[in-house]
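> Just so you know, we're using my numbering here: the sequence shown kicks off at 14 and counts up by one. Beta carbons: idealized from backbone N, C-alpha and C, even for Gly.
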Amino acid sequence: GEITSYMHVGQHGAADYAGVIAMTRPAHEKEYRNPLSELRAIGYDDLHIMRRARPKFINS
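1. By how many angstroms is the C-alpha of GLU51 removed from the C-alpha of HIS21?
2. If I measure Cβ to Cβ from LEU60 and keep anything under 8 Å in the same chain, skipping five residues before and after, which residues do I get?
3. What does the alpha-carbon distance come out to for the pair MET63 and THR37?
4. In the DSSP assignment, the alpha helix (DSSP H) including ALA54 goes from what residue to what residue?
Here it is, written out as structure tokens:
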């Protein structure tokens with residue numbers, strides 16, 4: 014399914030969840046700490062860190 018992604022340059026875009034999972038590994042806290050702070054600073058205050066998304070978060 015298609016999901017929304019956030020790029021460090023401040024843009025949102027579409028991403029294929031299965032493709033992202035197949036081609037990447039889970040980030041360590043030190044790797045996602047700065048992007049997480051950036052998202053919170055621009056108003057995203059209800060974020061949840063997950064190893065893998067539950068099906069309800071994925072558009073089919």
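Here's the rundown:
1. Cα to Cα, the separation comes out at about 8 Å.
2. In chain order, LEU49, LEU52 and ARG53 place their CB closer than 8 Å to the CB of LEU60, counting only its own chain and leaving out the 5 sequence neighbours on each side.
3. Cα atoms of MET63 and THR37: separation of roughly 14 Å, rounded to the nearest angstrom.
4. Looking at the DSSP string, the run of the alpha helix (DSSP H) that includes ALA54 is 42 to 54.
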